[in-house]
Amino acid sequence: MNERTDPQTCRQTRAPRARHPARALFWRLFAINGLVFTAGTFVLALSPATVSSPVLLAEIPVLTVGLALIIAANALLIRKSLAPLDALTTLMRRVDLLRTGDRLTDSGNGDLAQLIGTFNEMLERLEAERSASSAYALAAQEGERQRIARELHDEIGQSLTVALLALKRVVDRAPEELKDELCSAQETVRASLDEVRQVARRLRPGVLEDLGLHSALSALSSDFSQASGIPVTREVDSGLPALSGEVELVLYRIAQEGLTNVARHSHARHVELSLREEKGQLTLRIADDGRGGVRTEGAGIRGMRERALLIGARLTVDSPPGGGTDVRLVVPPHAVKES
1 MNERTDPQTC
11 RQTRAPRARH
21 PARALFWRLF
31 AINGLVFTAG
41 TFVLALSPAT
51 VSSPVLLAEI
61 PVLTVGLALI
71 IAANALLIRK
81 SLAPLDALTT
91 LMRRVDLLRT
101 GDRLTDSGNG
111 DLAQLIGTFN
121 EMLERLEAER
131 SASSAYALAA
141 QEGERQRIAR
151 ELHDEIGQSL
161 TVALLALKRV
171 VDRAPEELKD
181 ELCSAQETVR
191 ASLDEVRQVA
201 RRLRPGVLED
211 LGLHSALSAL
221 SSDFSQASGI
231 PVTREVDSGL
241 PALSGEVELV
251 LYRIAQEGLT
261 NVARHSHARH
271 VELSLREEKG
281 QLTLRIADDG
291 RGGVRTEGAG
301 IRGMRERALL
311 IGARLTVDSP
321 PGGGTDVRLV
331 VPPHAVKES
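Numbering (UniProt numbering), first residue to last: 1 to 339.
Structure follows, in structure tokens:
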């Protein structure tokens, strides 16, 4: 119902209707064409030029020039009116919900302002929904990682420890001809136990919970260098502000994924890992001297972008061919403050 009752006048008044963009655009084009042809008619009526019947050859250039001017004026006015549609189409093609803040500004065309505003509102709604769904999915992922890490540490780790102790007792009582084989088995079990502990530590960074972000990044760098053989130069400001658990986890996971990508794809010889604070803004940087040339973003980089959205941070990846890869995460001041 588009009618409502005014309690004071006891009369029914119609609610104002929203302006329809297509109808408004139709009337705008209609007015432009009408204005152009009306102006052309007045010019012909007031000018000394006349048209004979039949048309003389000398009159044809005059008519041609007049028609060309009318068509050109009409084309320019219509093109100006429809220019925001080109910008809107370009934005539709490049929009990515993992890169927030890409909006179309109103260029003063009143007929398309409602369409532009509606599209921007749709983008804001989709970005909010994407951020909420990503937060839920990543929270579930972290919970599953903690469960698996706990089972690896408490069950498989304990079982391997028991097996290692049993082998030690067997080695102590075994004859000399069997000791070498038993010692080899003992070392295999010990190596498996170390691998299980490393996997559990990657799945659930206990050092982050116990000792904080600074120590966690230090341990992450050491483990990376030990596993990959690539040295890491680490620079972390000692006077970092107090961070919430969510921000610390996002910073740690993005640093972890960035180093993992370096080991898998970059063929680098050196990596720089830094975390600096300036004017309340945190910047995490992972830079390598590898081959660079990252053209398409894989699951790792898109996963980092999803994590960045959780705290309102901005992630950029600069990877010129042959110039290494530079990953930066900039956390705004409002997200740095511990809640």
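For each residue, glycine too, the CB sits at the ideal point set by N, CA and C.
Practice task
Check the DSSP bridge columns for A287 and list the partner residues they point to.
Solution key: Start at 1 with the first residue of the sequence shown, and residue 287 comes out as number 287. According to DSSP, which records beta bridges pairwise, A287 is partnered with E272 and D326.
Practice task
Grab me the residues of I78's own chain with a C-beta within less than 7 Å of its C-beta, minus the 5 sequence neighbours each way, in chain order.
Solution key: Taking the sequence shown and counting its residues from 1, one reaches residue 78 at position 78. Excluding residues within five positions, the ones whose Cβ falls inside 7 Å are L29 and I32.
Exercise for the section: Starting from E235, follow the alpha helix (DSSP H) in both directions and report where the run begins and ends. Expected result: Here residue 235 refers to the residue found at position 235 of the sequence shown. Here E235 belongs to no alpha helix (DSSP H); instead the beta strand (DSSP E) covers V232 to V236.
Practice task
With DSSP as the reference, label L104 as helix, strand or coil.
Solution key: Your numbering for residue 104 matches position 104 in the sequence shown. L104 falls in the coil class under three-state DSSP.
Practice task
Can you grab the Cα-Cα spacing for the pair S319 / S228, in whole Å?
Solution key: For the purposes of this step, residue 319 is identified with residue 319 of the sequence shown, where counting begins at 1. For the purposes of this step, residue 228 is identified with residue 228 of the sequence shown, where counting begins at 1. Between S319 and S228, the C-alpha separation is close to 21 Å.
Exercise for the section: Could you check how far apart the C-beta atoms of C183 and V170 are, in whole angstroms? I think they sit under 8 Å. Expected result: Mapped onto the sequence shown, residue 183 falls at position 183. Mapped onto the sequence shown, residue 170 falls at position 170. Actually they are not in contact, since the Cβ atoms of C183 and V170 sit about 10 Å apart, beyond 8 Å.
Problem - M304 classed as buried or exposed, judged by whether at least 16 other C-beta atoms fall within 10 angstroms - result: By one-based count along the sequence shown, residue 304 stands at place 304. Buried: at least 16 other Cβ atoms inside 10 Å.
Exercise for the section: Taking L315 as part of the beta strand (DSSP E), name the residues at either end of that continuous run. Expected result: Along the sequence shown, read from residue 1 onward, the residue named residue 315 stands at position 315. Looking at the DSSP string, the run of the beta strand (DSSP E) that includes L315 is R314 to D318.
Problem - Where the alpha helix (DSSP H) through G300 begins and ends - result: Mapped onto the sequence shown, residue 300 falls at position 300. Residues A299 to L310.
Practice task
Would you give the residue range spanned by the alpha helix (DSSP H) that L243 belongs to?
Solution key: Working through the sequence shown from its first residue, we reach residue 243 at position 243. Taken as a continuous stretch (DSSP letters only), L243 belongs to no alpha helix (DSSP H), as it is neither H nor E.
Practice task
Starting from Q281, follow its DSSP beta bridges and name the residues at the other end.
Solution key: Within the sequence shown, numbered from 1, the residue matching residue 281 stands at position 281. Looking at the DSSP assignment, Q281 forms a beta bridge with E278.
Practice task
Taking only the alpha-carbon atoms, compute the straight-line gap between A255 and H153 and give it to the nearest angstrom.
Solution key: Working through the sequence shown from its first residue, we reach residue 255 at position 255. Working through the sequence shown from its first residue, we reach residue 153 at position 153. Approximately 24 Å between the Cα atoms of the pair.
Practice task
Could you please give me the residues that DSSP links to V250 through a beta bridge?
Solution key: Taking the first residue of the sequence shown as 1, we reach residue 250 at position 250. For V250, which the question treats as bridged, DSSP gives no partner whatsoever.
Problem - Assumed close pair R291, S266 - CB separation to whole angstroms, cut-off 8 Å - result: Looking up residue 291 in the sequence shown gives position 291. Looking up residue 266 in the sequence shown gives position 266. Yes, they are in contact, since the Cβ atoms of R291 and S266 sit about 6 Å apart, within 8 Å.
Practice task
Assign T325 to one of two classes, buried (16 or more other C-beta atoms within 10 Å of its C-beta) or exposed (fewer than that).
Solution key: For the purposes of this step, residue 325 is taken as residue 325 along the sequence shown, with counting starting at 1. Under this definition T325 is a buried residue.
Exercise for the section: Check each candidate in L310, L259, S159 and R103 and name the one with the smallest Cα separation from R202. Expected result: Along the sequence shown, one-based indexing puts residue 202 at 202. Comparing Cα positions, the closest option is L259.
Handout entry: Cβ contact (3+ pairs, closer than 8 Å) linking the stretch 146-165 and the stretch 215-224
Key = no
Handout entry: Start and end residues, alpha helix (DSSP H) containing L193
Key = Taking the first residue of the sequence shown as 1, we reach residue 193 at position 193. Per DSSP, L193 belongs to the alpha helix (DSSP H) from E176 to L203.
Problem - Span of the alpha helix (DSSP H) around P333 - result: Taking the sequence shown and counting its residues from 1, one reaches residue 333 at position 333. Here the alpha helix (DSSP H) through P333 covers P333 to V336.
Practice task
Mind reading off the beta-carbon distance from V331 to L282? Whole number of angstroms is fine, and I expect it under 8 Å.
Solution key: By one-based count along the sequence shown, residue 331 stands at place 331. By one-based count along the sequence shown, residue 282 stands at place 282. Right, their Cβ atoms sit about 4 Å apart.
Practice task
Would you mind stating whether V336 and G280 have Cβ atoms separated by less than 7 Å?
Solution key: Here residue 336 is taken as the residue at index 336 of the sequence shown, counted from 1. Here residue 280 is taken as the residue at index 280 of the sequence shown, counted from 1. Taking 7 Å as the Cβ cut-off, V336 and G280 qualify as a contacting pair.
Practice task
Measure the Cβ-Cβ separation of R204 and A149 and say whether it is below 7 Å.
Solution key: Along the sequence shown, read from residue 1 onward, the residue named residue 204 stands at position 204. Along the sequence shown, read from residue 1 onward, the residue named residue 149 stands at position 149. Yes, the pair counts as a contact, with Cβ atoms nearer than the cut-off.
Handout entry: Simplified DSSP assignment, three categories, for V207
Key = Position 207 of the sequence shown holds residue 207. Three-state DSSP puts V207 in a helix.
Problem - Helix, strand or coil at R17 [DSSP, three-state] - result: Here residue 17 refers to the residue found at position 17 of the sequence shown. Unreliable positioning characterises R17 in this predicted model, as indicated by a pLDDT of 48, which lies under 50. The coordinate reading is nonetheless provided below. Of the three classes helix, strand and coil, the one that applies to R17 here is coil, per DSSP.
Problem - Proximal residues to Q146 (C-beta, below 7 Å), its chain only, five neighbours per side dropped - result: Within the sequence shown, residue 146 is the residue found at index 146, counting from 1. Result list for Q146: R204, in chain order.
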